[in-house]
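A quick write-up on the structure given underneath.
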Amino acid sequence: MSNKFVADGRLTEEAKADIQGFVTSGYGHLTDVAYVLVGFRQPGAARRWLASLLPEITSAVGWRPSAHEEKQKPRRTVNVALTHAGLEFLGASQQTLCSFPRAFREGIAETNRAANILGDYGQNAPEHWEFGGPGTPPVHACLLLHAASGPDMESMVSQYLEVIDRSHGGLAVLPQGVQRGYRPPNQKEHFGFRDGIAQPGIVGIKGQGGANVAATGDFILGYPDHYGVVAGSPVASAGEDRGNVLPAWENPFHEGRGLRDFGRHGAYLVYRKLEQDVDSFWRFAQAEAERMRSRIGSVDAVWVAAKMMGRWPSGAPLVLAPDRDETGLGERDDFAYAEHDPEGLRCPFGAHIRRSNPRDMIRPSEKEQSLSMSRAHRMRRQGSIYGPQLDFSLLSGGGALADLDRQPEARGLHFLAVIANIERQFELVQQHWINNPAFNGVSDSQDPVVGAPSASTQPPNRLVVPTPHGPWQTQALPPFIAVRGGAYFHLPSLPAIRFLAALP
Ligand code: HEM
115 MSNKFVADGR
125 LTEEAKADIQ
135 GFVTSGYGHL
145 TDVAYVLVGF
155 RQPGAARRWL
165 ASLLPEITSA
175 VGWRPSAHEE
185 KQKPRRTVNV
195 ALTHAGLEFL
205 GASQQTLCSF
215 PRAFREGIAE
225 TNRAANILGD
235 YGQNAPEHWE
245 FGGPGTPPVH
255 ACLLLHAASG
265 PDMESMVSQY
275 LEVIDRSHGG
285 LAVLPQGVQR
295 GYRPPNQKEH
305 FGFRDGIAQP
315 GIVGIKGQGG
325 ANVAATGDFI
335 LGYPDHYGVV
345 AGSPVASAGE
355 DRGNVLPAWE
365 NPFHEGRGLR
375 DFGRHGAYLV
385 YRKLEQDVDS
395 FWRFAQAEAE
405 RMRSRIGSVD
415 AVWVAAKMMG
425 RWPSGAPLVL
435 APDRDETGLG
445 ERDDFAYAEH
455 DPEGLRCPFG
465 AHIRRSNPRD
475 MIRPSEKEQS
485 LSMSRAHRMR
495 RQGSIYGPQL
505 DFSLLSGGGA
515 LADLDRQPEA
525 RGLHFLAVIA
535 NIERQFELVQ
545 QHWINNPAFN
555 GVSDSQDPVV
565 GAPSASTQPP
575 NRLVVPTPHG
585 PWQTQALPPF
595 IAVRGGAYFH
605 LPSLPAIRFL
615 AALP
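Quick note: this note's numbering has the sequence shown finishing at residue 618, numbered continuously throughout.
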């Protein structure tokens with residue numbers, strides 16, 4: 115395929131100029147993050163706000179490609195994401211609104227989706243959320259701000275809050291609407307494990323294929339996806355596109371005359387604010403280690419926690435470092451399960467990373483097919499953490515647990531996933547892999563780290579840890595994660611933002 119958007123298998127600068135930078139990069143070099151949740155009050159003010167953002171929005175051209183990459187990386191980035199309600203408020207036509215996939219139209223908090231697909235019920239039900247649920251004002255937009263330092267971030271946040279303030283009620287920052295996050299220097303999430311290691315590249319942006327590179331169309335609308343298909347894209351009518359900014363809608367089965375491709379070069383963003391109960395996580399690991407010692411020998415809380423996660427705190431995968439943490443392996447992502455760990459003796463089948471990406475073991479005898487099936491559901495995880503980090507250096511001596519009692523502040527993960535298909539990527543992983551009680555050789559259990567709390571009708575969630583002495587079944591796992599908010603967003607292309615800003 116070669117055209118103005120693709121040359122020699124790579125996306126052209128013209129294509130990248132249309133794509134928001136957050137679609138192709140999590141800006142890992144930027145440490146300070148704010149997600150500003152905005153509610154629109156007057157359509158005209160909302161459109162003017164979008165227009166004012168346009169010159170500021172970081173595109174995928176950014177600093178790449180460059181011989182001096184370090185020097186040219188931006189110190190601050192601005193991106194904007196919109197919910198379905200936000201698009202409606204801005205004046206998108208019914209034709210455009212209806213052409214979005216159902217998951218996005220309904221949103222993350224729709225009762226059936228939340229309870230039956232995502233496992234958000236009981237205390238995690240959207241009714242209890244800080245934002246994005248039925249009890250709080252609708253989220254229309256999210257401003258994604260990233261900066262290289264705290265002071266840079268402060269000045270960005272005040273700049274953008276002031277702009278919203280100056281709209282004289284035309285738009286508002288929602289209650290709990292300034293969500294702060296950061297990327298700590300040790301790259302660890304709050305349970306104490308290095309995160310952000312497994313991250314798929316995008317064909318045409320970074321890499322051309324292979325186990326760790328997923329199809330362009332799995333992240334950017336308008337390109338062939340995992341199945342070689344260009345997925346349906348939301349449309350607008352040519353008549354609405356007064357500035358003639360959207361590309362023509364092309365479809366081999368339909369003439370599409372008079373239609374414009376609203377979605378091309380856009381993506382979807384899943385945002386879930388997940389609070390972590392670090393105290394309960396480590397107390398469980400410690401109690402379980404004590405129970406196991408009688409049968410297995412000298413195991414400690416870190417060993418149990420690593421079995422739950424599938425990696426050691428340094429990030430070293432259990433498949434490559436089965437017995438102890440090896441910091442030198444902390445960045446390794448080039449492993450699979452079938453050859454070295456077919457029975458889960460190193461990494462339990464139920465471990466968080468083995469559930470959320472089973473790699474070559476969906477069908478044990480068909481490695482290549484399994485790898486391909488797993489690849490179809492990959493996501494780019496580009497979030498941040500919130501709340502103060504704990505010192506885990508004393509963990510093996512139990513010191514950190516005592517520390518926890520003195521640090522009761524809320525802490526957790528802003529889970530942000532960039533994808534092109536909410537149902538096939540995020541929801542499938544959440545429903546069929548993380549929360550599925552009978553998945554990939556395990557039964558009556560869910561993901562030990564992020565699984566939804568069992569409903570009363572289900573058996574308690576226990577992790578099975580295969581060992582040379584036979585399988586060990588843990589006590590019932592309490593929920594370690596509480597959902598505090600969430601939303602499904604569209605990350606529109608820059609032309610789509612221009613289009614929306616110019617709507618009458
Ligand atoms: C507070 C909640 C969570 C914590 C603490 C957490 C922690 C981690 C850690 C430590 C890793 C290993 C590092 C890496 O491979 O990059 C990881 C990997 C991963 N997590 Fe999570 N996670 C959380 C929520 C979720 C959720 C909600 C999903 C999906 C719905 C998810 C999907 C994944 C995936 C796909 C991987 C990569 C697995 C692989 O490719 O091997 N995580 N997570």
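Backbone N, C-alpha and C define an ideal beta-carbon position, used for all residues, glycine too.
Can residue i and residue j be called in contact, C-beta distance under 8 Å?
| i | j | result |
| --- | --- | --- |
| isoleucine 171 | valine 192 | yes |
| glutamate 440 | alanine 450 | no |
| methionine 270 | arginine 189 | no |
| alanine 345 | asparagine 117 | no |
| glycine 205 | leucine 617 | yes |
| proline 240 | alanine 223 | yes |
| histidine 466 | valine 543 | no |
| alanine 381 | valine 120 | no |
| aspartate 332 | arginine 492 | yes |
| tyrosine 602 | phenylalanine 245 | no |
| arginine 161 | valine 359 | no |
| tyrosine 232 | glutamine 503 | What sits at residue 232 in the sequence shown is leucine, not tyrosine. Contact flag unset, no. |
| glycine 377 | serine 347 | yes |
| leucine 196 | histidine 604 | yes |
| arginine 598 | glutamate 364 | no |
| proline 157 | phenylalanine 214 | no |
| arginine 386 | glycine 221 | no |
| alanine 524 | glycine 501 | yes |
| alanine 159 | serine 272 | no |
| isoleucine 476 | methionine 487 | yes |
| arginine 371 | valine 349 | no |
Using DSSP with H/G/I as helix, E/B as strand and the rest coil, what is residue i?
| i | result |
| --- | --- |
| aspartate 146 | strand |
| arginine 280 | coil |
| histidine 260 | strand |
| isoleucine 611 | helix |
| arginine 414 | The amino acid at residue 414 is misidentified as arginine; the sequence shows aspartate. Coil. |
| serine 347 | coil |
| tryptophan 163 | helix |
| asparagine 117 | coil |
| tryptophan 586 | strand |
| phenylalanine 154 | strand |
| glutamine 496 | coil |
| glycine 315 | strand |
| proline 338 | strand |
| glycine 353 | helix |
| alanine 174 | coil |
| valine 597 | strand |
Candidates the options: which alpha carbon is nearest residue i's?
| i | options | result |
| --- | --- | --- |
| glycine 123 | Phe154, Val194, Ile316 and Gly135 | Ile316 |
| histidine 528 | Asp505, Arg495, Pro551 and Asn549 | Arg495 |
| glutamine 313 | Arg489, Gln587 and Gly342 | Arg489 |
| tyrosine 141 | Tyr296, Gly236 and Val416 | Tyr296 |
| glycine 342 | Pro593, Glu354 and Ala329 | Ala329 |
| cysteine 256 | Trp163, Pro573 and Gln503 | Trp163 |
| glutamine 293 | Gly442, Pro169 and Val147 | Val147 |
| alanine 399 | Ala131, Leu608, Leu360 and Ala590 | Ala590 |
| aspartate 505 | Pro298, His454, Gln209 and Glu220 | Pro298 |
| alanine 566 | Ser486, Gly236 and Leu125 | Gly236 |
| leucine 383 | Met406, Ala362, Glu537 and Arg477 | Glu537 |
| tyrosine 337 | Asp414, Leu258, Glu482 and Leu125 | Leu125 |
| glycine 555 | Pro592, Ile533, Asp132 and Pro478 | Pro478 |
Count the other C-beta atoms from every protein chain shown that fall within 10 angstroms of the C-beta of residue i, then say buried if there are 16 or more, exposed otherwise.
| i | result |
| --- | --- |
| histidine 260 | buried |
| histidine 379 | buried |
| glycine 464 | buried |
| serine 484 | buried |
| glutamine 208 | exposed |
| glycine 357 | exposed |
| alanine 615 | buried |
| glutamine 539 | buried |
| aspartate 339 | buried |
If I measure Cβ to Cβ from residue i and keep anything under 7 Å in the same chain, skipping five residues before and after, which residues do I get?
| i | result |
| --- | --- |
| glycine 93 | Given that the chain is displayed from residue 115 to residue 618, the structure contains no residue 93 and the question cannot be resolved. |
| proline 551 | Ser557, Asp558, Ser559, Gln560 and Gln572 |
Short of 8 Å in beta carbon distance, which residues of its chain neighbour residue i, apart from the five on each side in sequence? Order them along the chain.
| i | result |
| --- | --- |
| arginine 308 | Asn300, Gln301, Lys302, Arg425, Pro427, Ser428, Gly429 and Gly444 |
| histidine 143 | Lys187 and Ala262 |
| serine 412 | none |
| isoleucine 410 | Thr581, His583 and Trp586 |
For residue i, collect the residues of the same chain with a Cβ closer than 6 Å to its Cβ; drop the 5 residues on either side in sequence, then sort them by chain order.
| i | result |
| --- | --- |
| leucine 167 | Val194 |
| valine 579 | Lys421, Pro462 and Trp586 |
| arginine 469 | Trp547, Ile548 and Asp561 |
| glutamate 402 | Val418 and Thr588 |
Between residue i and the ligand SAH, is there a pair consisting of the residue's CB and a ligand heavy atom that are separated by less than 7 Å?
| i | result |
| --- | --- |
| asparagine 575 | This structure lacks the ligand SAH; its bound ligands are the ligand HEM. |
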